[in-house]
Each structure stands twice: as structure tokens, then as C-alpha cells.
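Q: I have a structure I would like to understand better, so I am pasting it below and will then ask my questions one at a time.
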Amino acid sequence: MSITRIEPFFRKQGEPGVHIQSWLILVLAVMLLSGCKTVPIQDRNFAGNGGFWEQDENMGFRLHRNAGASDAVIGTLYASGKNVLLNGEQVKVSAPVKNNSFVSSGMQSGARIEFKASDSTCSIRVDQFNAGKAYADTSSCLHDIETLHARIQARNAVLQISVSQQQTDIMVLSGTIEVMTREDTGQFVVVRADQKITVTPDAIGQPHALAPDEIWQRMRWREDFQLYKTVVDWRKVVAGVVIVGLVAVAILFGKGRGGGHSHGFPRYR
2 MSITRIEPFF
12 RKQGEPGVHI
22 QSWLILVLAV
32 MLLSGCKTVP
42 IQDRNFAGNG
52 GFWEQDENMG
62 FRLHRNAGAS
72 DAVIGTLYAS
82 GKNVLLNGEQ
92 VKVSAPVKNN
102 SFVSSGMQSG
112 ARIEFKASDS
122 TCSIRVDQFN
132 AGKAYADTSS
142 CLHDIETLHA
152 RIQARNAVLQ
162 ISVSQQQTDI
172 MVLSGTIEVM
182 TREDTGQFVV
192 VRADQKITVT
202 PDAIGQPHAL
212 APDEIWQRMR
222 WREDFQLYKT
232 VVDWRKVVAG
242 VVIVGLVAVA
252 ILFGKGRGGG
262 HSHGFPRYR
């Protein structure tokens, strides 16, 4: 009786349709993986509701997002160069960024963090930003940025920050921001579009206008590195699926024709 129960199982596993189905699943998975490719991020100025942050080489900072668990994913990191680290681990192309993560970029490397979309109550805090250049589009999310010398609060603004041991320079490209010293956060200075302000350990300067050529010169560092992302080339995947389907039909048709002549005994004249 046990042989009678087991026999259909082995017969079923040996049916051609089962093997062909497994083969098709394997080939389709391979085609999907082969359809993935790495492409440059063309429009780096595009910002979603959460905004984005780009940083030059030799800098680092820590990210915190309000109302988020410590392991919650708050955005995606895109790396340029071989020396981009996320919590001490190298990022080759891109990686999800969790709350309270530390991002750093070494020599000849840069990074971009695109924050997940959120509502108007979103708040992102950036601290331990002690050296380097950063470009930020805050979109509708409040960014609270702390450097060696200054504290910056920005929403619906685009700005660039340059930090050295002596001072912090902030350039506003659009919108308005509030700048204060780290020692006295009770008083702040409003900086508007096309203005720059400098903060030192002892004092905060007054905003002054920037010429278009000066703005362009100060932003040229963004051209020094290229960012990439992984996408699926669906045209390649669809073409592969069509080819696999035609091959499968040909195999099934061939097995069907061959099976029609394999039953019974050979006839002799």
C-alpha cells in the first residue's frame, strides 16, 4: 500500500511540465536580475517632500528624524567614489539610511541622501557637522543643522554650507533661513535668497548679497562627483520574457509531438 501512495508522487515529479515550470521560473529570475543596471542620477536638483542633502569629500554628520524609531528607514544614500561610509560600512552605489545614522565621505568621494516623503510636521536634525561642504534642499521638511559654530533652521529653502575650523559660511539660494550661534540660540538672523552669512565662534555677521557668478563658483564642487542608482530595464526584461515564452512553447510542442509516437508497440510489415 505504501508503494501505491508513493508512486504517483514520483511520477508527478518526473512529468515534463514540472521540470519546464521550474526551468521557466529560474530563467525569469535570471532575466529580472540581468535587467538591473546602474545609471547616473541626471536631475540632482529634484527634491521630494522630504528634500535631500549632498556632501563633498572629507566630511561627516549624524542624522536624526523626529517621531521615528531608531531602526526606521528615513531615506536613501547614493555614493560617489570608494570612500563613502554609512555607520562605518562602505556604500558602493546606494543603501537605505536608518534613523540616527552617521554618514561620512572620504577623499575623492561624495554622497547624496534623499529623505523619504513626509508631512509638514517632518523635522530632520543634522549634527556633528564639523568640516566640509554640504548642499541641502529642505523642501517642506524642517532641517535643524548644527555645525562647529552655528545652528541653522530651514524649511522650503535651498542652501549651501561650508564649515572650517575658523567659521561657518551659509549661502541661501532660495527661501529664507534662520541662523544663530551655538552659544546663543535665543537670537537669530534671517537670511534670504541670494544672500550669504558667516558665523565664527564668537559672533554672527550680517547677511550680504551674492553675485550670480559668485554663487556659481561656490557650487562647482557638486560637479566633481557623479551619483548613480540601480534601476530595472523593463524593455530588456520584457524582451527576455518573450524569448523564454517562445522557447517554452517550442519545447512543449516538441514534447507533445514526440509523445504521440511513443505509445504502443512498433508495427512490422
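Residue numbers for the sequence shown, in our numbering: 2 to 270.
No residue lacks a Cβ here, since even glycine has one placed at the ideal position from N, Cα and C.
To which residues of the same chain is Arg63 closer than 6 Å at the C-beta, ignoring the five residues directly before and after it?
A: Same-chain partners within the cutoff: Phe103, Asp128 and Gln129.
Q: Would you decide whether Phe116 is buried or exposed? Buried here means 16 or more other CB atoms lie within 10 Å of its CB.
A: Buried, because 16 or more other Cβ atoms sit within 10 Å of the Cβ of Phe116.
Q: Could you tell me which residues DSSP pairs with His65 in its beta bridges?
A: DSSP output for His65 lists Arg126 as bridge partner(s).
Q: Per DSSP, which one or two residues make a beta bridge with Asp145?
A: The partner list for Asp145 (beta bridge, DSSP) reads Arg126 and Gln154.
Q: Is Ala132 near Val164, with beta carbons less than 7 Å apart?
A: Yes, Cβ-Cβ distance for Ala132 and Val164 is below 7 Å.
Q: Give me the Cα-Cα distance between Lys230 and Thr39, rounded to the nearest whole angstrom.
A: Whole-angstrom Cα-Cα distance: 5 Å.
Q: With three or more C-beta pairs closer than 8 Å as the rule, is the segment 78 to 96 touching the segment 147 to 155?
A: Touching, no.
Q: Residues in its own chain within less than 7 Å of Gly107 by CB, not counting five upstream and five downstream?
A: If we look at Gly107 and ignore the five residues flanking it on each side, its Cβ neighbours are Glu58, Asn59 and Asn84.
Q: Quick one: residues in its chain with C-beta nearer than 6 Å to the C-beta of Cys123, no 5 flanking neighbours on either side, listed in chain order?
A: Cys142.
Q: Run the CB neighbour count on Phe11, radius 10 Å, all protein chains shown included, and call it buried at 16 or more, exposed below.
A: Its pLDDT being 40, under 50, Phe11 is placed unreliably by the model, and nothing is read from it.
Q: So if DSSP puts Gly133 in a beta bridge, which residue, or which two residues, is it bridged to?
A: Looking at the DSSP assignment, Gly133 forms a beta bridge with Val164.
Q: Pair every Cβ in the segment 83 to 98 with every Cβ in the segment 167 to 174, then say whether three or more of these pairs are closer than 8 Å.
A: With a cut-off of 8 Å, the segment 167 to 174 and the segment 83 to 98 do not count as touching, because too few Cβ pairs lie within range.
Q: In chain order, what residues of the same chain lie with their CB nearer than 8 Å to the CB of Phe254, ignoring the 5 residues before and after it?
A: Here the set comprises nothing.
Q: Excluding sequence positions up to five away, which residues of its chain have a Cβ less than 6 Å from the Cβ of His65?
A: Excluding positions up to five away in sequence, the list reads Asn101 and Arg126.
Q: Let's test the definition: count the other Cβ atoms within 10 Å of the Cβ of Pro208 and tell me whether it reaches 16, buried, or not, exposed.
A: Burial call: buried.
Q: Determine the DSSP secondary structure at Asp225, reduced to helix, strand or coil.
A: Helix, per DSSP.
Q: Is the beta carbon of Ala155 less than 7 Å from the beta carbon of Thr139?
A: In this structure, Thr139 lies closer than 7 Å to Ala155 by Cβ.
Q: Could you round the C-beta distance between Leu86 and Ser71 to whole angstroms and report it? I think they count as a contact, below 8 Å.
A: Actually they are not in contact, since the Cβ atoms of Leu86 and Ser71 sit about 19 Å apart, beyond 8 Å.
Q: So, is Val192 buried or exposed, given that buried needs 16 or more other C-beta atoms within 10 angstroms?
A: It counts as buried.
Q: Counting only the same chain and skipping the five closest in sequence on each side, list residues whose C-beta sits under 7 Å from that of Thr182.
A: Within the same chain, Thr182 has close Cβ partners His150, Ala151, Val200 and Ile205.
Q: From what residue to what residue does the beta strand (DSSP E) around Asp170 run?
A: Counting along the chain, the beta strand (DSSP E) containing Asp170 begins and ends at Thr169 to Ser175.
Q: Do you know offhand how far Arg221's Cα is from Thr186's?
A: Looking at the two C-alpha atoms, the distance is approximately 32 Å.
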